[in-house]
Amino acid sequence: MSITSVKSITLVALFSALTVSGRLLFAFIPNVQPVTSLIILFTLLLGIRYGMVEAILVIVLSNLFLGFGIWTFGQILGYIVIVLLVGLLIRPNFKKIPFSVMILFAAAMGFLYGFIQALFQIPFFGWGYFVAYYVSGLLFDVYHAVGNAIFYVILAPLLLPLLDKLLIDYGSNQLIE
1 MSITSVKSIT
11 LVALFSALTV
21 SGRLLFAFIP
31 NVQPVTSLII
41 LFTLLLGIRY
51 GMVEAILVIV
61 LSNLFLGFGI
71 WTFGQILGYI
81 VIVLLVGLLI
91 RPNFKKIPFS
101 VMILFAAAMG
111 FLYGFIQALF
121 QIPFFGWGYF
131 VAYYVSGLLF
141 DVYHAVGNAI
151 FYVILAPLLL
161 PLLDKLLIDY
171 GSNQLIE
């Protein structure tokens, strides 16, 4: 399935709408939202190209409501790194990875995302700010990690079979093998 086909664009648009809605729905809880878990699931099913498109769309669209700033580029970078890790390390071996390990992976991505956000501050504010930013944000990284684990536990069993069936209906050869 080509990324520019109508079916692909529709699938990405629908999944982006779901993910943006999830981010906005949980915006009142600091760092607890289903975005990371949904991007992990989408990348597992469709691979790196689709995962990156999804990640960029979700950040840009949700930031239309939540606000843009220099952090927007850090958010995109953070999710691109997560997509690459999922696509290169997890997706090729997904069927062999226990569910509990995937839950821990989703949680770890909350800490990685926070670390990338802090690193992204260095060019603008310097190393001293990085340390203060990172240390002061650790509690929020814990919230993000716990939220990711909970959302993965809830969403993976629901969405993976549903999306897998949808991909079969679409005639895709991109299924998890």
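Mapping to our numbering: the sequence shown position 55 is 55, numbers consecutive.
For glycine and all other residues, C-beta sits at the position ideal for the given N, C-alpha and C.
So the candidates are the options; which of them puts its Cα closest to the Cα of residue i?
i, options, result
"Leu38", "Pro92, Asn93, Ile70, Gly110", "Gly110"
"Leu163", "Thr72, Pro34, Ile29, Leu41", "Leu41"
How many Å lie between residue i and residue j at the Cα?
i, j, result
"Gly69", "Leu24", "17 Å"
"Val58", "Ser21", "9 Å"
"Leu61", "Leu44", "22 Å"
"Ser136", "Pro161", "39 Å"
"Leu175", "Lys95", "Residue confidence for Leu175 is low, a pLDDT of 44 falling below 50, so the modelled location carries little weight; the figure read from the coordinates is stated next. Going from the Cα of Leu175 to the Cα of Lys95 covers about 11 Å."
"Val12", "Ala27", "22 Å"
"Ser5", "Ala17", "18 Å"
"Ile168", "Trp127", "49 Å"
"Gln75", "Ile56", "9 Å"
"Phe125", "Phe99", "40 Å"
"Tyr182", "Phe15", "Nothing in the structure corresponds to residue 182, since the chain is present only between 1 and 177."
Excluding the 5 residues preceding and the 5 following residue i in the sequence, name in chain order all residues of the same chain whose CB lies nearer than 8 Å to its CB.
i, result
"Ile103", "Ala149, Tyr152, Val153"
"Ala108", "Ala145"
"Ala118", "Phe130, Tyr133, Tyr134, Gly137"
"Asp141", "Asn31, Gly110, Phe111, Tyr113, Gly114, Phe115"
Which whole-angstrom value is the C-beta distance of residue i and residue j, which I expect to be below 8 Å?
i, j, result
"Gly87", "Ile116", "In fact, because the Cβ distance is near 17 Å, the residues do not count as touching under 8 Å."
"Pro34", "Leu159", "No, Pro34 and Leu159 are not in contact; Cβ-Cβ is about 10 Å, not under 8 Å."
"Val32", "Gly147", "4 Å"
Would residue i and residue j be called neighbours here (beta carbons separated by less than 8 Å)?
i, j, result
"Thr19", "Glu54", "yes"
"Pro30", "Tyr129", "no"
"Ile82", "Leu46", "no"
"Ile122", "Phe105", "no"
"Phe120", "Phe65", "no"
"Met52", "Ile97", "no"
Leaving out five residues on either side along the sequence, give the residues of the same chain with a beta carbon under 6 Å from the beta carbon of residue i.
i, result
"Thr36", "Met109, Asn148"
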